[in-house]
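Since the structure comes first, as structure tokens, the remarks are kept for the end.
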Ligand SMILES: Cc1cc2nc3c(=O)[nH]c(=O)nc-3n(C[C@H](O)[C@H](O)[C@H](O)COP(=O)(O)O)c2cc1C
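Residue numbers (this note's numbering): 12 to 390.
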């Protein structure tokens, strides 16, 4: 059966993923924090970005290519880093790294993924973007950076919008813990998802392997729960300067919302600014991520590229962000819905959905290239 008929949209993949993932894993993926108004606000404000449709443009053949940081990509979107990806779907890191190498999309891997930089560096190749969470020890940081580089990663993304832990009540209700505490409810939900369960049996229990390797004192469940926390740092401008001095490849700062921060970060020598609100997982009382984009892009004024994520669910959203000043757009949850729904074939299908949706909407908008998009925005 043709997936484009049975599952033409991300919402179809999400629905199937929900059936194939244990409840706690789905809740970990899908939830925001608090009453989740952050998620809804991101959605509502994206929907408010409208384009004027165009007529009499002849046979438009939209071109989706986009160059950024010295690489040309066949499409302007990539995979945002997700912690514990291998818990969401067994072996997710390797599958997504390979898919990204194949489709030529940036592959973001989290510090707190279930795979180390060495596990996936050669698979992702030049598409690998490693995400760094600040650590509290300069020696650990330098060792991490050396390992990331030696494993072949050229691009570093440092995430700065997690100043502390958020409540994420939905995750608490679903007993999300690492590793899962085997209550009868959790066991039942695992047993109801045999493909996921068999995958975990095959690939082993996911752990935060990379931070764990720096927290040897803590063991077992305790180490697992706390490894990331044990070595967590609380970054400031000096931390970014240190990273800049220690990382000689592209350095991107993820989680920027304010123009003044973007301006200062450029002064500190970063190579790109990534506007994000962590998809409403950290704080629900702030602005929608898409509303932060135009002022940041205006202040950055082309000095470095600007990237965007948070709430993107289709090709039209990608066009919206590009029109408002993003050079490149990332999706997080979407790739994991696709993966849980159909494995690697789901990821390939999502690339198809996003590309087809972009082409279709660009044709309606009368945009032959991505650079034509701002001119068609209804201001
Ligand atoms: C389950 C989950 C785990 C995440 N873990 C990380 C992480 O470890 N590091 C990070 O920089 N961002 C993390 N994020 C945020 C994503 O990188 C990204 O900003 C966000 O998911 C984009 O929004 P979207 O999912 O609506 O596309 C995580 C997001 C989710 C959903």
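Every residue gets a Cβ at the ideal spot worked out from N, C-alpha and C, and that includes glycine. Keep in mind that this is a model prediction, so the values were computed, not measured.
Limits of the unbroken alpha helix (DSSP H) element including residue i
i	result
residue 51	48-58
residue 141	Per DSSP, residue 141 belongs to no alpha helix (DSSP H); it is in the beta strand (DSSP E), 139-143.
residue 84	Residue 84 -> not in any alpha helix (DSSP H); beta strand (DSSP E) instead, spanning 82-84.
residue 77	Run containing residue 77: none in the alpha helix (DSSP H); it sits in the beta strand (DSSP E), 77-79.
residue 35	34-41
residue 375	355-376
residue 242	Here residue 242 belongs to no alpha helix (DSSP H), and DSSP marks it neither H nor E.
residue 342	Careful: residue 342 lies outside any alpha helix (DSSP H), inside the beta strand (DSSP E) at 339-342.
residue 164	Where residue 164 is concerned, there is no enclosing alpha helix (DSSP H), given that its DSSP letter is neither H nor E.
residue 263	Not the alpha helix (DSSP H): residue 263 falls in the beta strand (DSSP E), residues 262-267.
residue 250	248-257
residue 322	Counting along the chain, residue 322 falls outside any alpha helix (DSSP H), and DSSP gives it neither H nor E.
residue 182	180-184
residue 111	103-114
residue 133	128-135
residue 200	195-202
residue 224	Per DSSP, residue 224 belongs to no alpha helix (DSSP H) and is neither H nor E.
residue 125	Premise fails: residue 125 is in no alpha helix (DSSP H) and is neither H nor E.
Euclidean distance between Cα positions of residue i and residue j
i	j	result
residue 40	residue 99	7 Å
residue 296	residue 69	45 Å
residue 140	residue 158	14 Å
residue 224	residue 166	22 Å
residue 87	residue 130	26 Å
residue 368	residue 148	45 Å
residue 372	residue 388	13 Å
residue 313	residue 307	10 Å
residue 199	residue 257	47 Å
residue 343	residue 96	10 Å
residue 115	residue 84	6 Å
residue 294	residue 67	45 Å
residue 218	residue 78	35 Å
residue 103	residue 383	36 Å
residue 213	residue 160	29 Å
residue 91	residue 347	11 Å
residue 12	residue 22	18 Å
residue 173	residue 150	22 Å
residue 82	residue 113	15 Å
residue 192	residue 354	26 Å
residue 209	residue 196	18 Å
Cβ-based neighbour list, residue i, same chain, cut-off 7 Å, excluding 5 preceding and 5 following
i	result
residue 182	38, 39 and 42
residue 282	80, 261, 262, 263 and 315
residue 246	145 and 171
residue 204	31, 32 and 33
residue 122	142, 143, 144, 221 and 222
Under 8 Å between C-beta atoms of residue i and residue j
i	j	result
residue 319	residue 304	yes
residue 268	residue 222	no
residue 358	residue 349	yes
residue 317	residue 277	no
residue 55	residue 94	no
residue 361	residue 24	yes
residue 162	residue 117	no
residue 248	residue 279	yes
residue 107	residue 379	no
Same chain only: Cβ atoms within 8 Å of residue i, ignoring 5 sequence neighbours per side
i	result
residue 207	31, 32, 33, 36, 100, 101, 201 and 351
residue 366	75, 86 and 326
residue 292	42, 43, 44, 49, 177 and 179
residue 184	38
residue 16	none
Whole-angstrom C-beta distance between residue j and residue i, which should lie under 8 Å
i	j	result
residue 29	residue 18	Residue 29 to residue 18, Cβ: 13 Å. No contact.
residue 20	residue 364	7 Å
residue 143	residue 168	7 Å
residue 135	residue 111	6 Å
residue 274	residue 310	5 Å
residue 132	residue 164	6 Å
residue 345	residue 324	7 Å
residue 333	residue 381	5 Å
Same chain, Cβ closer than 6 Å to residue i, five either side skipped, listed in chain order
i	result
residue 321	53, 287, 288, 290 and 300
residue 328	57
residue 335	304 and 305
residue 370	73
residue 60	331
residue 211	101
residue 64	375
residue 14	360
Where the beta strand (DSSP E) through residue i begins and ends
i	result
residue 319	317-319
residue 283	283-286
residue 88	88-90
residue 119	118-120
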